[in-house]
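Using the working numbering, you'd call the opening residue of the sequence shown number 99 and step up by one each time. Let me begin by presenting the structure, written as structure tokens, before commenting on it.
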Amino acid sequence: MLKKILSPKTCAACRLCCGFDRTDLWELPVLPAETVAEIHRLGKQPALVPAGTEQTFAAPHLEGEALFVCPMLCETGCTMGADKPFDCRIWPFRMMRDPEGALRITVASYCPGMQKYTDAQLRDFLADGLAAQILAYAEAHPAHVKAWASEYRVIW
Ligand code: SF4
Ligand code: SF4
């Protein structure tokens, strides 16, 4: 989905994704029923917990710098390929509610792959159909809409 602006080479050099410390467990992908079915079809039975009306991976209690690595990660990347959760397909974009309650599309400021783009450049990228797709998904799947987080830039 983001191949035009985020190259596999950039991510391979960064590898920040798919591991979650105690401060960013809220970033775990929300899993709609069809994604859970795909996880089971792949032969995995990770522990899940509710996330709004949907589910997410159950992480253990973490101390210090310890990381919870997503159970769908393998040495070569995500085992789910094109069927990975929508949250992961659009990452580092996020669906968020701003402090006034408006639905926004934001981008993770700390993603090295996004730092070279201005807000206007990212807006142009989103305008080519992806913003509409993300906003429609957010309306249909409110459990994926995150609370406001200041380390994200508002793009849309
Ligand atoms: S943080 Fe950004 S650059 Fe790093 S692996 Fe994730 S998407 Fe790629
Ligand atoms: S589902 Fe795949 S892309 Fe998403 S966090 Fe897990 S390993 Fe990473």
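Beta carbons are placed, not taken as given, at the ideal position from N, Cα and C, and that holds for glycine. Source: prediction; values computed, not measured.
Heavy atom of ligand 2 within 7 Å of residue i beta-carbon
i: L171; result: yes
i: P127; result: yes
i: C109; result: no
i: M99; result: no
i: C112; result: no
Residue from the options whose Cα sits closest to the Cα of residue i
i: G175; options: H138, C116, L129, A206; result: C116
i: A110; options: R187, E136, P210, A156; result: P210
i: A180; options: L140, D122, E125, D217; result: L140
i: Y208; options: L123, L104, F166, E249; result: E249
i: A200; options: G150, I253, E173; result: I253
i: D119; options: R113, M212, H159; result: H159
i: G150; options: W124, H138, E173; result: W124
Distance cut-off 7 Å: residue i Cβ against heavy atoms of ligand 1
i: G211; result: yes
i: C255; result: What the structure shows of the chain is the stretch from 99 to 254, and residue 255 is not part of that stretch, so it cannot be assessed.
i: W189; result: yes
Same chain, Cβ closer than 8 Å to residue i, five either side skipped, listed in chain order
i: H239; result: V128, P130, E152, F184
i: A145; result: F155, A156
i: A164; result: D119, R120
Residues near residue i in its chain [Cβ-Cβ closer than 7 Å; skip 5 each side]
i: P197; result: W246
i: I188; result: M99, I232
i: A236; result: M193, L201, H242, V243
i: K182; result: C176
Next item on the list: Please go through the region 114 to 191 and give each complete beta strand (DSSP E) segment of 3 or more residues, from N-terminal end onward.
Entry: The qualifying runs are 146 to 149, 152 to 155.
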